[in-house]
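Q: Okay, here's the structure, questions in a sec.
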Amino acid sequence: MSAEASGTTGPQELGTGNGHDWKIRGQDRVVRELRRAVTVGPRHAYILSGPAHSGKLSCATEFAAALLCPNSGDDAIACHACSICRRIERGVFPDLSIIDLDAQALNEKSQGKNLSLTISTVRRIGADVSLRPSEAPWRVVIVNDVETMQETAQEAFLKTLEEPPGYVVIVLLTTDADLLLPTILSRCVTLRMGTPSSTVVKAALVERGVEESRARDIATLSDGSIGWAVTAATDPSLVEERARVRTRAREWIAAGHYDRLVAATLLADGFVKDREAVFVELLAAQREWRAILHAVERVDGDRSPVDFPPAHQAFSSSSVVSSLRSIDVCITNLEANVRPRLALQTMVGEWPGSLS
């Protein structure tokens, strides 16, 4: 199952091949580890773990290109000019497979929900791994959305990881490595993607020709996601919606206890109708509490003071951490079908008193 057969749509964005780096911003440690693996010889399986749009797929594709390109030298950088590199960019090189939920939907012609990688997809991956490389010295298999595998699918996938052929390199991409079975984790090298600062995000946008002040505005809303920022630079509606969600989150946090409870109740009453909308609001509140924690501890020095209401910097670190944990607990409870009002009202009850 090649990248084309797996259902991957469109080329993956690779670096420019200028001989300096992989053009993956804000992930220096991960890039350094993977480039070293290309130079000394890769392990058979890797896990790249990080938030959505953190660059996992771009990083994995650059890693694959460096392994497969015949012109990749001691610097472990693909040339991006040869036939193999050009086909990788178009998603049609036979020795690279990229499997994800979209590819699964195309292969299975699914008409229903497509929320998790299935056992049948795991079996197709196993069959793909068994094929010898046709042109390159390696066969690279990138599996995205791994966190969606149910336990039975993970157990089936474990067989592929236990005895892979020597020519295969498997790269698993997940938003949360802790959702994978310990037996899978033990057979892979796990690399955790960091969250780039807004300065790094802004620089990545400017490199792509975005005007500096607009790049700064988008970077401020990006929560460290370069992928989201690049998409948002061409879709103003994403920026507008993210700004509205952030404003609501800040108002919720700034409100007094009664108004927080009212907002929580209204949100809870809409949960049955639109679960995802509620999770969006909760994650936005979580991002704001995390930003406040950064301000309190002065971790993220590149943020403007305008990014945080000054009064919120008077929260104690421990109270902010408790607020972050309360949101995690709320999300877990909602997913476990705890009554929405109880889950959300309990959550805001854990937040420190308003300083507004």
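Residue numbers (the UniProt record's numbering): 1 to 356. We put the beta carbon where it would ideally sit given N, CA and C, even for glycine. Please read all numbers here as calculations on a predicted model, not as lab measurements.
#1: Kindly give me the distance between the Cβ atoms of I331 and C188, rounded to whole angstroms, as I take these residues to be in contact under 8 Å.
#2: Opposite I142 in the DSSP bridges: which residues?
#3: Do E151 and T175 have their beta-carbon atoms positioned less than 7 Å apart in this structure?
#4: Alpha carbons only, please: which of L57, A52, P137 is nearest the one belonging to P70?
#5: Within a Cβ cutoff of 6 Å, which residues of the same chain sit near L172, ignoring the five residues on either side of it in sequence?
#6: On a CA-only basis, which of G91, V38, P94 is nearest G73? Give me that one, please.
#7: Could you spell out the range, first to last residue, of the beta strand (DSSP E) harbouring A45?
#8: Rounded to whole angstroms, what is the Cα-Cα separation between V230 and L205?
#9: T183 lies in the beta strand (DSSP E); which residues open and close that run?
#10: If E135 and I84 are in contact, beta carbons under 8 Å, what's the gap, nearest whole angstrom?
#11: Whether or not the segment 226 to 242 and the segment 335 to 347 are in contact is what I'm after, with contact meaning three or more pairs of Cβ atoms, one per stretch, closer than 8 Å; do they touch?
#12: Looking at the structure shown, is T190 part of a helix, part of a strand, or coil, going by DSSP?
#13: Evaluate G301 with the Cβ neighbour count: other Cβ atoms within 10 Å of its Cβ, from every protein chain shown; 16 or more gives buried, anything less gives exposed.
#14: Evaluate contact between the segment 214 to 226 and the segment 53 to 67, counting only Cβ atoms and requiring at least three cross-stretch pairs below 8 Å.
#15: For G112, collect the residues of the same chain with a Cβ closer than 6 Å to its Cβ; drop the 5 residues on either side in sequence, then sort them by chain order.
#16: Express the C-alpha separation of H294 and L344 in angstroms, rounding to a whole number.
#17: Can you tell me whether DSSP reads K202 as helix, strand or coil?
#18: Are I98 and A65 closer than 7 Å when you measure CB to CB?
#19: With a floor of 4 residues, list each alpha helix (DSSP H) that falls wholly inside the segment 39 to 85, ordered by position along the chain.
#20: If you draw a straight line from the C-alpha of P133 to the C-alpha of A105, how long is it?
#21: Here's the rule: buried if 16 or more other CB atoms are within 10 angstroms of the residue's CB, otherwise exposed. What is T220?
#22: Which residue wins for smallest C-alpha separation from A60, given the options A268, V262, T160, R35?
#23: If you draw a straight line from the alpha carbon of L68 to that of Q27, how long is it in whole angstroms?
#24: Alpha carbons only, please: which of L96, L57, A284 is nearest the one belonging to R167?
#25: Report the rounded CA-to-CA distance for P236 versus D217, giving the unit in angstroms.
#26: Do you know offhand how far I327's Cα is from L282's?
#27: If we ignore side chains and look at the alpha-carbon of each, how far apart do T346 and L131 end up?
#28: I need the DSSP call for I24, collapsed to helix, strand or coil.
A: Short version:
#1: On the sequence shown, position 331 is the one that residue 331 refers to. On the sequence shown, position 188 is the one that residue 188 refers to. Distance from I331 to C188 at the Cβ level is roughly 26 Å; contact not present, criterion being Cβ atoms closer than 8 Å.
#2: The residue labelled residue 142 in the question sits at position 142 within the sequence shown. DSSP lists I98, V171 as the beta-bridge partner residues of I142.
#3: Here the question's residue 175 lines up with position 175 in the sequence shown. Here the question's residue 151 lines up with position 151 in the sequence shown. No.
#4: As a working note, residue 70 is residue 70 in the sequence shown. The shortest Cα separation from P70 among L57, A52, P137 belongs to P137.
#5: Residue numbering aside, residue 172 sits at position 172 when the sequence shown is read from its first letter. Short of 6 Å from the beta carbon of L172, and not among the five residues preceding or following it, lie these beta carbons of its own chain, in chain order: I47, V143, V146.
#6: Position 73 of the sequence shown, counted from the first residue, corresponds to residue 73. Across the set G91, V38, P94, the C-alpha of V38 shows the shortest separation from the C-alpha of G73.
#7: Stepping through the sequence shown from its first residue, residue 45 is reached at position 45. Going by DSSP, A45 is part of the beta strand (DSSP E) stretching over 45 to 49.
#8: By 1-based counting over the sequence shown, the position of residue 230 is 230. By 1-based counting over the sequence shown, the position of residue 205 is 205. Taking the straight line from one Cα to the other gives about 7 Å.
#9: To locate residue 183, count along the sequence shown from 1; it is residue 183. From DSSP, T183 is part of no beta strand (DSSP E) but of the alpha helix (DSSP H) over 182 to 185.
#10: One-based indexing of the sequence shown puts residue 135 at position 135. One-based indexing of the sequence shown puts residue 84 at position 84. 7 Å between Cβ atoms; contact.
#11: No, the segment 335 to 347 is not in contact with the segment 226 to 242.
#12: Taking the first residue of the sequence shown as 1, we reach residue 190 at position 190. T190: strand per DSSP, three-state reduction.
#13: What you label residue 301 is simply residue 301 of the sequence shown in a count that begins at 1. A caution first: G301 carries a pLDDT of 44, below 50, which makes its placement in the model unreliable, though a value can still be read off. With a threshold of 16 other beta carbon atoms within 10 Å, G301 falls short and is exposed.
#14: Yes, the segment 214 to 226 touches the segment 53 to 67.
#15: Counting from 1 along the sequence shown, the entry for residue 112 is found at position 112. Note that G112 scores 49 on pLDDT, short of 50, meaning its location in the model is unreliable; the coordinates nonetheless yield the value given after this. Same-chain partners within the cutoff: there are none.
#16: By one-based count along the sequence shown, residue 344 stands at place 344. By one-based count along the sequence shown, residue 294 stands at place 294. Whole-angstrom Cα-Cα distance: 24 Å.
#17: To locate residue 202, count along the sequence shown from 1; it is residue 202. The answer is helix: DSSP assigns K202 an H, G or I state.
#18: Here the question's residue 98 lines up with position 98 in the sequence shown. Here the question's residue 65 lines up with position 65 in the sequence shown. Going by C-beta atoms, I98 is not nearer than 7 Å to A65.
#19: List check, alpha helix (DSSP H) in window: 56 to 68.
#20: Position 133 of the sequence shown holds residue 133. Position 105 of the sequence shown holds residue 105. Roughly 26 Å between the two C-alpha positions.
#21: For the purposes of this step, residue 220 is taken as residue 220 along the sequence shown, with counting starting at 1. T220 comes out buried.
#22: For the purposes of this step, residue 60 is taken as residue 60 along the sequence shown, with counting starting at 1. The option with the nearest alpha carbon to A60 is R35.
#23: Position 68 of the sequence shown, counted from the first residue, corresponds to residue 68. Position 27 of the sequence shown, counted from the first residue, corresponds to residue 27. Each residue's Cα considered, the two are about 22 Å apart.
#24: On the sequence shown, residue 167 is found 167 positions in, with the first residue counted as 1. Looking at the sequence provided, one finds Tyr at residue 167 rather than Arg. Just measuring C-alpha positions, the residue of L96, L57, A284 sitting nearest Y167 is L96.
#25: In the sequence shown, the residue the question calls residue 236 occupies position 236. In the sequence shown, the residue the question calls residue 217 occupies position 217. Those two C-alpha atoms are separated by around 11 Å.
#26: Counting from one through the sequence shown, the residue named residue 327 turns up at place 327. Counting from one through the sequence shown, the residue named residue 282 turns up at place 282. One C-alpha to the other measures close to 7 Å.
#27: Position 346 of the sequence shown, counted from the first residue, corresponds to residue 346. Position 131 of the sequence shown, counted from the first residue, corresponds to residue 131. For T346 and L131, the distance between alpha carbons rounds to 53 Å.
#28: What you label residue 24 is simply residue 24 of the sequence shown in a count that begins at 1. Residue state, collapsed to three classes: coil.
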